[in-house]
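Undergrad: Protein chains in written order, with the numbering used here: chain F, 279 to 387; chain Y, 16 to 335; chain D, 2 to 646.
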Amino acid sequence: MDIICDKRESGTLLQVSGRLDALSAATFEKDFLQVMEGGETKVVVDLADLKYISSAGLRSILASAKKARKAGCTMHFCGLKGMVQEVFQVSGLGTMFTVSATVEEAFGA
Amino acid sequence: MCSLLLLLMICFFVSPAAAAEGKTVRLALQWYPQTQFAGYYMAKKKGFYAANGLNVEILHGDADSNSLDRVISGEAEFGTAFLSTAMQRWSQGAPLVNIAQIVQRSALMLVVRKASGIKTINDLDGARIGTWGDTFQLQPEALFLREKLHVTFVRQSPSFELFMRGGLDATLAMWYNEYHRLIAYGLNPDEMTTFFFSDLNLNQPEDGIYCLDSTLKNAPESAAALVKASVQGWEYAFAHPDETVDSILDIMKKQKVQANRAQQTWMLARMRDIILVGKQSRLTPVLNPVDFDSTQRELLRSGVITTDIPYNDFYKELLR
Amino acid sequence: MRLHGIAFRLASLTLVGATLILTAILGYNYTVSRSMIVSLAEERGTLLADYTAENISGVFNAIQKVMNTISFSLEDAGLTTKQVNDLGWMVLNDNPEIFGSAIAFEPYAFQSDSKYYAPYHYRSNNDILFERLGGKDYQYFYMDWYQLPRELERSVWTEPYYDKVGDSELMTTYAVPFYRMRDGHKVLKGVVTADISLSWVQKLIAGLSDRESGYVFMLSRYGTFIAHPDANLVMNETIFTRAEKLKHPQLREVGRRMVAGESDVVELKDMPVIGDSFLYFSPLLDQQWSIGVVFPKKEIMADVSRLNREVATLGILGFVVLVLLITCLASRITRPLRKLTVSAHDMASGNLEAELPVTTSKDEVGELTSAFQTMQDSIKNYITNLTETTAAKERIESELRIAHDIQMSILPKLFPAFPERKEFDIYASIEPAKEVGGDLYDFFFVDETHFCFLVGDVSGKGVPAAFFMAVTKTLLKVVAERTLDPGEVLIRVNNDLAEDNDACMFVTLFLAVMEISTGKVRYASAGHNPPLLMTKRKGVEWIPPLNELVAGVMEDTHYTTKSMTLSPGDTLFIYTDGVTEAMDSTQELYSEERLEDVMNQCQGKSAEQIIRTIDGALKDFTGGAEQSDDITMLAMQYLGTNSES
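1) What are the boundary residues of the beta strand (DSSP E) that includes Val-368 of chain F?
2) From Ser-30 of chain Y to Leu-98 of chain Y, what distance separates their C-alpha atoms?
3) Report yes if the C-beta distance between Asn-548 of chain D and Gln-293 of chain F is below 7 Å; otherwise report no.
4) Less than 6 Å between the CB of Val-362 of chain F and some heavy atom of the ligand GDP, yes or no?
5) What residues in the segment 366-384 of chain F bring their beta carbon closer than 8 Å to a beta carbon of chain D?
6) To the nearest angstrom, how far is it from the Cα of Phe-454 of chain D to the Cα of Val-377 of chain F?
7) Between Y:Ile-114, Y:Gly-248 and Y:Met-57, which lies nearest to Tyr-326 of chain Y when the distance is taken from Cα to Cα?
8) I want to verify the contact list: residues of chain A whose CB lies under 9 Å from the CB of Asp-458 of chain D, in sequence order.
9) Please classify Val-551 of chain D as buried or exposed, where buried requires at least 16 neighbouring CB atoms within 10 angstroms.
10) Report all residues from its chain with a CB closer than 6 Å to the CB of Leu-401 of chain D; omit the five preceding and five following residues, and keep chain order.
11) Within the 7 Å Cβ cut-off, does Val-177 of chain D reach chain Y?
12) Please report how far the alpha carbon of Met-279 of chain F lies from the alpha carbon of Ile-492 of chain D, in whole angstroms.
13) Roughly how many angstroms lie between the CA atoms of Gly-145 of chain Y and Asp-77 of chain Y, to the nearest whole one?
14) Name, going along the chain, the residues of the segment 235-255 of chain D whose beta-carbon falls closer than 7 Å to a beta-carbon of chain Y.
15) Residues of chain F with CB closer than 8 Å to the CB of Val-554 of chain D, please, in chain order.
16) From Gly-553 of chain D to Ile-411 of chain D, what distance separates their C-alpha atoms?
17) Once DSSP output is grouped into helix, strand and coil, what is the label at Ala-329 of chain D?
18) Give the straight-line distance between the Cα atoms of Asn-233 of chain Y and Cys-226 of chain Y, rounded to the nearest whole angstrom.
19) Spatial neighbours of Phe-151 of chain Y within its chain, please: C-beta separation below 7 Å, excluding the five flanking residues on both sides.
20) Going along the segment 493-521 of chain D in order, which residues come within less than 8 Å of chain F, judged by CB to CB distance?
21) What residue ranges within the segment 311-343 of chain F form continuous beta strand (DSSP E) runs of no fewer than 3 residues, ordered along the chain?
22) To be precise: take each residue of the segment 541-553 of chain D, compare its Cβ to all Cβ atoms of chain F, and keep it if any distance is under 7 Å. Which residues remain?
23) Would you verify that the beta carbon of Asn-275 of chain Y is, or is not, closer than 7 Å to some beta carbon of chain D?
24) Using a Cβ-Cβ cut-off of 7 Å (strictly less than) and excluding sequence neighbours within five positions of Leu-485 of chain D, which residues of its own chain qualify?
25) Excluding the 5 residues flanking Val-169 of chain Y on each side, which residues of the same chain have their C-beta closer than 8 Å to its C-beta?
26) Going by DSSP, name the residue or residues bridged to Tyr-281 of chain D.
27) Which runs of the alpha helix (DSSP H) at least 4 residues long sit entirely within the segment 76-105 of chain Y? Give them in chain order.
28) Bridge partners for Glu-132 of chain D per DSSP, in chain order?
29) So, using beta-carbon positions, are Met-409 of chain D and Ala-499 of chain D closer together than 7 Å?
30) Under 7 Å, Cβ to Cβ, is there at least one residue of chain D near Leu-177 of chain Y?
31) Closer than 8 Å between beta carbons: that is the criterion. Which residues of the segment 296-309 of chain D meet it against chain Y?
32) Give the secondary structure of Ser-296 of chain Y by DSSP, where H, G and I count as helix, E and B as strand, and everything else as coil.
33) Helix, strand or coil for Ser-317 of chain Y, going by three-state DSSP, please let me know.
34) Could you list which residues in chain Y have their beta carbon closer than 9 Å to that of Arg-183 of chain D, in chain order?
35) Take Thr-572 of chain D as the anchor and find which of D:Gln-610, D:Leu-590 and D:Thr-342 has the nearest alpha-carbon.
36) For Tyr-496 of chain D, which residues of its own chain have a beta-carbon under 6 Å away from its beta-carbon, when the five flanking residues on both sides are left out?
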């Protein structure tokens, strides 16, 4: 898994690619936490290039979202497709978060 | 002074082995032992004389003795001599006969240094010419008379030092002897110009064997045997040059005559040239009547002889 | 020494280098020493030739002076017989080196009645004797000693000759012409001579020849050998007849230069006996004689060779010493290395206690050894740590194994689970991944007519997942036994799980309650992937997902209860994503499509057969690739109350 962090005016964009599974979940959490600690109020997670997400990956997203909510930071998702979109849908996560089609939409929201 | 001392030398050379057999005769040669006389020494050494029933004592010559004098005086039965010398004696009344003519061609020559500028005989007009005794002067005298040239003959010692040191314009030389000495003194053949008398219509046969008329009459078989064996000796010498030179050098050493191999080898080779003339391979010891006549003519002209010598009286052919 | 060892290579490289250097030095030495020795020999030969020539000339010059003086005296016209004789006697008396002296006059020049007048004084047995030369038998006018100065009008040295009186000594004569004035003209009167023995010259030269490795010889002005170690040559041969005999044209050329009064050094090829030689020659100018010094080249070269042999011997000795030194040094350097190698081999084969060689040196080998020591210590520490860690890990693993076993044991495993019930057939299987996972399934009767069955998947793996699973299972059982509404069950269970769930663990759940008598199924799903329904009428179809949130994440999440009715022979297939996300070796997912295809082939099969078929197909797909997630499947086949209908 690779995470590209892009600090923008209206928030931070995290572009996650590869596989988000038990192995990489901790990394995602850690990176996200780092962004949070910088006092960020809006994080957009772009999952367009994510090929696979496991339940552990979902858990790391949920855990991160929980921390974000406590810190008063909103978490947006975008670029969901294929298996990832399916997982988001099936697991009901899609109902929990703001999900946009594109990065621009997410920042616009 | 050396010649004075040479006088004291003893002349006998006797082979003890052959001494006991046959009739003892003595052969007087013109000069000291050298390959000029190789045939006689080899005939004795190889036993050709003994095989022909003769015990030959060879008497070598020297500066002050004459082989024909020895024959005339009875000191020797036979002697070798130049044809001209013998004819001179004959005309003076000596009862000599030529029983074999060995050397057919004259070896006498004139030698000048190329550096002297003399190129032809005519250039010799007014020249000082080295000579060594009267015997060798007959042909040059005839030559210069014929060519109407005035020259001065200067008698020089056999060392040829006078010529070598530039005291003479030309020198007489025998091809087989003195000419080689000049080479042995360091003169290169290409530094010398040579004139052979045999090439100047003045060929005079040289060494022949002579005896008294009476000796021939009394013992013609001995004379014939001597000639036959001598011819054999010469042929052996020409066939075995190395052995011959060795033998002669031995004899010369015993006689304390200055000798060296190169000189004796050269001399033997030149003797072959003047003995086996033309395309002859065998020695024919005959006096050529043409050569005899021309020699006589020149001798008469120069006054050495005053009367005609009949060929048949002078020459007796023994081998035939 | 090993062939590829450092010691061997070091030694051979050094020695090859040393050999090259040695060869180069030898070659250079040979060349230089050769030219040095040759030029030394040249110098020596030239000096010897010059010195000898000067020495002999000195004596001759003295005699020349004496005789020139005498010749002046003889130009006095008034000399009497006695005075002339006395003069001759005096010459011998005053000059011991003169053997004889003649005062020879021109014909009739001294006494008008005498053609020959030549008083001659000579030595014999320490006396000076007298005689008169000349006569018919001794016409001295034609002798070289008289004729040459007369004709050439200058004094001459005659060619050497043997004096036949006495011991036959080699002599030469110095002859000086003397003149008197007549009518204002110089007229030759005679020649005065001095005979000199050359024995001393021959001895002098023989002496030199003895001392030198070569030999010395002397030539007259015509190249005649006056002195030569080979007595046969003396006076018999000239250098030219020698050249003729030896067929040696170069010798003739050199001879000509010698008698021409030159002085030089030449190399003569192929001389008899001595082979190639150097000839140094120097003239006696007045006599035009020449001294030659001959050195055999091979003797001169022998010095060079000897010198080179000595240098070579020294070189080889040095080489041997070098070999020994290098061998010693190399083995001293490599000995600790070799020991270290042995120790390293020992260590490599597992003996960490292998003793390293003790080095006190501070060189590279010393550093290497102490590095090895450090490495050995580090490895030992590491191994100790590893052993401890491994032990701890093993303990944990064994505990995990036990936990796993316990976890598995809480799932119902006995099939057929309810052999007395003909209304339905249920079969479930769980294939745990290597790690302890969080899949669960369960089924039980809620009451006489309602049968609850469920499949769940806890997020993550390991002990937390296992705990969460156990808790979930227990909660579900407790809650499900109190209510028949699956949605309600999930709401309650979710609330319990979500409480204080900081780790955000969650579980997906599919829970169904079937009314056995009717085949009516009520179900709810917490983010679980949709099960398959296989009916005789419609075939295989996906149960539409409700897209409700996974359980344990958020309290007060609402879960909807849905319902459907199974006809006898219909089968509900519930599974975890371990099935669809099973991967082959190229990491391709098994996928819903493949599952659906296999399921289509399962019409008419029993619950157990269906699960085994899918399991078989799954195993065929993965081809033995390692399983990353638990694979849990549950098949509920409704058979109806009357099996005949």
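For every residue, glycine included, the Cβ atom is placed at its ideal position computed from N, Cα and C. Model, not experiment: these values are computed from the prediction.
TA: So, from the listed chains and residues:
1) Per DSSP, Val-368 of chain F belongs to no beta strand (DSSP E); it is in the alpha helix (DSSP H), 360-368.
2) Confidence at Ser-30 of chain Y is low in this model, with a pLDDT of 38, below 50, so the placement of that residue is unreliable and no value is reported for it.
3) No, the pair does not count as a contact, with Cβ atoms beyond the cut-off.
4) Absence of the ligand GDP from the depicted structure is noted, as is the absence of any ligand whatsoever, leaving it without description.
5) Cβ contacts with chain D come from Gln-367, Val-368, Ser-369, Gly-370, Leu-371, Gly-372, Thr-373 and Met-374.
6) If you take the alpha carbons of Phe-454 of chain D and Val-377 of chain F, they lie about 34 Å apart.
7) Checked all of Y:Ile-114, Y:Gly-248 and Y:Met-57; the closest Cα to Tyr-326 of chain Y is Y:Ile-114.
8) Absence of chain A from the displayed structure is noted, the protein chains being F, Y and D.
9) That one is buried.
10) Val-437
11) no
12) 35 Å
13) 20 Å
14) Met-236, Asn-237, Glu-238, Thr-239, Phe-241, Thr-242, Glu-245 and Lys-246
15) Leu-340 and Met-374
16) One C-alpha to the other measures close to 21 Å.
17) Contrary to the premise, residue 329 of chain D reads as Cys rather than Ala in this sequence. In the structure shown, Cys-329 of chain D sits in a helix (DSSP, three-state: H, G or I).
18) 11 Å
19) Leu-123 and Leu-187
20) Residues passing the 8 Å Cβ filter: Asp-503, Ala-504, Cys-505, Met-506, Phe-507 and Thr-509.
21) 320-331
22) Answer set for the segment 541-553 of chain D: Pro-546, Asn-548, Glu-549, Leu-550 and Val-551.
23) yes
24) Same-chain partners within the cutoff: Val-447, His-451 and Val-514.
25) Arg-143, Ile-144, Gly-145, Thr-146, Leu-177, Gly-182 and Leu-183
26) D:Val-266 and D:Val-294
27) 82-88
28) D:Tyr-121
29) no
30) It does: the Cβ of Leu-177 of chain Y has a partner Cβ on chain D nearer than 7 Å.
31) Only those residues of the segment 296-309 of chain D whose C-beta falls short of 8 Å from the nearest C-beta of chain Y would be listed, and there are none.
32) coil
33) helix
34) Taking a Cβ-Cβ cut-off of 9 Å, Arg-183 of chain D has no neighbours in chain Y, whose nearest Cβ is about 23 Å from it.
35) D:Gln-610
36) Strictly speaking, residue 496 of chain D in this sequence is Asn, with Tyr absent from that position. Counting only Cβ-Cβ distances below 6 Å, and skipping sequence neighbours, we find Glu-556.
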